[in-house]
Amino acid sequence: MSTTWDPALYLDFDDHRARPFHDLLARVRVADPRRVVDLGCGPGNLTATLAARWPEAVLDAVDSSAEMVAAARANGVHARRQAVEDWTPEPDTDLVVTNAVLQWVPTHRALLPRWIAALPPGATFAMQVPGNFAAPSHALARSLAAERGVTLRGELGVAEPAEYAALLAGTGAEADVWETTYVQRLTGEDPVLHWISSTALRPVRDALDEAAYAEFTAELAPRLREAYPASPDGSTWFPFRRLFAVAHLP
Ligand SMILES: C[S@@+](CC[C@H](N)C(=O)[O-])C[C@H]1O[C@@H](n2cnc3c(N)ncnc32)[C@H](O)[C@@H]1O
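Residues in the sequence shown are numbered consecutively from -9, following the working numbering.
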């Protein structure tokens, strides 16, 4: 079963969520792409920035979630519903961007070399995935979910940066790989719970009924408050590690 998404909840932190996308795009130097693909476009707000940067390009936005595709269309992006596992590049695909998606795709390490091999000369493939699965936020959620028979994605879903570098370089591309930990300032009540509710906890939300999910979050909330205490000024600092990998084809 695919995960259900809530586009409005996801966009609650749009500034923090947009920043890695822009940091990723800052390393893309393709000048005049014929076709730009946003793999896992989500609600389309960031896809729109691709259209603004390359107005002449054909923009292809795909996402497996009906809710996200509907939200993207409402944002003026002609998104279509497709799982990335079923996607293959068109011959004129000069740029692929996939931001915060491939952690949901356990087979992506096998897909990357196939996708890159199918791109034309001079193309760029740019990806970003969270690398925070060992962080307290995810470890706490994972163990409480496991007690309820729900498996959350583990660290093994995402590779370490050096592995992505080797994987991309192995295709003959120039690999540009780095990681950044954003020390995110969140505010309000239970902000870390709020953050992960719109992403990592979606599978728990799908697996439990409303009462069981409420009980799960009631148990998780104090543990998250302890792991990420609010400062007297109301700030909750939520460090978030993200991995970036860009392949420039010769
Ligand atoms: C965290 S959101 C990122 C959305 C957007 N790229 C952004 O940066 O705001 C993850 C997106 O990946 C999509 N997704 C997850 N698994 C997918 C799959 N197998 N195929 C296509 N899209 C997928 C989800 O539907 C969701 O829209």
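Glycine included, C-beta positions come from ideal geometry on N, C-alpha and C.
For residue i, the residue or residues it bridges with in DSSP
i: D28; result: A51 and V87
i: T114; result: L85 and H238
i: P229; result: V173
i: A165; result: A237
i: P120; result: R232
Nearest-angstrom Cα separation, counted from residue j out to residue i
i: L1; j: P103; result: 31 Å
i: H238; j: V148; result: 21 Å
i: V18; j: V26; result: 12 Å
i: L85; j: E153; result: 22 Å
i: H68; j: L158; result: 30 Å
i: E209; j: S133; result: 11 Å
i: W44; j: A217; result: 42 Å
i: D90; j: T78; result: In the sequence on display, residue 90 carries Ala and not Asp. Answer to the nearest angstrom: the Cα atoms are 19 Å apart.
i: M58; j: C31; result: 8 Å
i: A220; j: P96; result: 34 Å
i: A235; j: E164; result: 10 Å
i: F123; j: L142; result: 10 Å
i: T(-6); j: V48; result: 28 Å
i: A211; j: L183; result: 6 Å
Nearest to residue i (by Cα), restricted to the options the options
i: L138; options: M117, V194, P110 and A107; result: According to the sequence provided, residue 138 is Arg. The question's Leu does not apply to it. Measuring from the Cα of R138, the nearest candidate turns out to be V194.
i: D(-4); options: F230, S188, D223 and P240; result: S188
i: P229; options: G121, E179 and D76; result: G121
i: V167; options: E205, P110 and R232; result: R232
i: T39; options: P96, L15, A61 and G30; result: L15
i: T88; options: I106, D82 and P81; result: I106
i: D53; options: N65, P240 and A73; result: A73
i: G288; options: R99, G112, G224 and E75; result: There is no way to answer for residue 288, as the model of the chain reaches only from -9 to 240.
i: T226; options: Q174, S55, E205 and E169; result: Q174
i: Q118; options: L36, D199, E205 and E169; result: E169
Buried or exposed by the 16-neighbour rule on C-beta atoms within 10 Å, applied to residue i
i: H12; result: exposed
i: H128; result: buried
i: Y136; result: Strictly speaking, residue 136 in this sequence is Ala, with Tyr absent from that position. Flag for A136 reads exposed.
i: D28; result: buried
i: W185; result: buried
i: A61; result: buried
i: G160; result: exposed
i: P240; result: exposed
i: R70; result: exposed
Three-state secondary structure (DSSP) of residue i
i: A69; result: strand
i: P23; result: coil
i: P(-3); result: helix
i: E179; result: coil
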